[in-house]
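Below is one structure, written out as structure tokens, with a few remarks after it.
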Amino acid sequence: MEQSRASRLTSLGVTDLSHTFKSLKKVKGILPSLAAFKEMASGNADYWMLLVYGGVGSGKSHQCEATVIEMFDRGLLTIRYRWSDVVRQLKAHFNGRGDVPYEEYFASLRSRERIIFDDVGSGSTLGSWEWGELEDIIDYRYERKLWTIVTTNMDIKVFPRRISSRFLDRSRARLVLNESPDYRPMLG
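Here the sequence shown is numbered in my numbering, starting from 160 and rising by one per residue.
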């Protein structure tokens, strides 16, 4: 049974089964984002969209994976995608190399019940096409009140205003700065 659970979690984007909320180092500056992730994962949030930004190695991906694990244990399937992987898939489908036409793939991606886009801006060029696709996805999800988490290590000021402003709508979303330092050197 544990083998099946591990396999399912891996298919949902979890890279390390030990990435739980309990195992996360509670370093200075991480508590605001940790509280928001936990609210989203527990179903106790009064919002359904979350954008967490902060420096490299500050625990954002760990918190994404902890969210997927906790929701899985609650019986709710949530997929964590690295944004760079999403961009590669979108380009493959756009160029006719996907298993379904681009529009069909794009529509299924943006309409998933729950989704996490981790590391927006990492490993991609962030050209106008990428920003446009992300904006379309976020706008669609915002209008339909679909559960969404986005993380980035980019300065929030470089995000297009049409994307970031949706996360400033306190009736639907939260925009949270994770101020924790790179804690990877502290691991091990």
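Quick reminder that beta carbons are idealized off the backbone N, C-alpha and C, glycines included. Every value quoted in this text rests on a predicted model; they were computed, and no experiment measured them.
If we count the other Cβ atoms within 10 Å of its Cβ and call it buried at 16 or more, is residue i buried or exposed?
i	result
LYS304	exposed
ARG164	exposed
LEU236	exposed
ALA200	buried
THR169	exposed
GLY286	exposed
ALA195	buried
GLY172	buried
ARG329	exposed
ARG233	exposed
GLY280	buried
LEU249	buried
ARG300	buried
VAL317	exposed
Is the distance from the Cβ of residue i to the Cβ of residue j below 9 angstroms?
i	j	result
PHE231	ARG167	yes
LEU336	PHE326	no
ARG271	ILE238	yes
LYS219	SER192	yes
ILE105	THR226	For residue 105 there is no data in the structure shown, the boundaries of the chain being 160 and 347.
Measure how close the beta-carbons of residue i and residue j come, nearest whole angstrom, since I'm counting them as under 8 angstroms.
i	j	result
PHE180	GLU229	7 angstroms
ASP341	GLY202	Going by Cβ atoms, the distance from ASP341 to GLY202 rounds to 31 angstroms, so no, they are not a contact pair.
SER339	SER217	4 angstroms
ASP278	GLU224	Not quite, the Cβ-Cβ distance comes to about 12 angstroms (not below 8 angstroms), so this is no contact.
TRP290	PRO319	5 angstroms
TYR264	HIS252	4 angstroms
TYR212	ILE315	5 angstroms
How about residue i: is its Cβ closer than 8 angstroms to a heavy atom in the ligand GDP?
i	result
SER182	No copy of the ligand GDP occurs in the structure displayed, which carries no ligand at all.
Inset, instruction - Spell out a yes or no on whether the region 259-267 and the region 196-209 are touching, meaning 3 or more CB-CB pairs, one atom from each, closer than 8 angstroms. - result: Contact annotation: the region 259-267 does not touch the region 196-209, with fewer than three C-beta pairs closer than 8 angstroms.
Legend entry - Stretch pair the region 286-296 + the region 180-187: three plus CB contacts closer than 8 angstroms: Judged by pairs of C-beta atoms under 8 angstroms, the region 286-296 does not touch the region 180-187, as fewer than three such pairs exist.
Inset, instruction - For the region 308-327 and the region 243-258, state whether three or more C-beta atom pairs, one from each stretch, are separated by less than 8 angstroms. - result: Too few Cβ pairs lie closer than 8 angstroms, so no.
Inset, instruction - List in chain order: all unbroken beta strand (DSSP E) runs of 3+ residues lying wholly within the region 247-313. - result: If one requires a minimum length of 3 residues, the beta strand (DSSP E) runs lying completely within the region 247-313 are 273-277, 306-311, in chain order.
Inset, instruction - Entirely within the region 174-222 and at least 4 residues each: give me those alpha helix (DSSP H) ranges in chain order. - result: Unbroken alpha helix (DSSP H) runs of no fewer than 4 residues, entirely contained in the region 174-222, are found at 190-201, following chain order.
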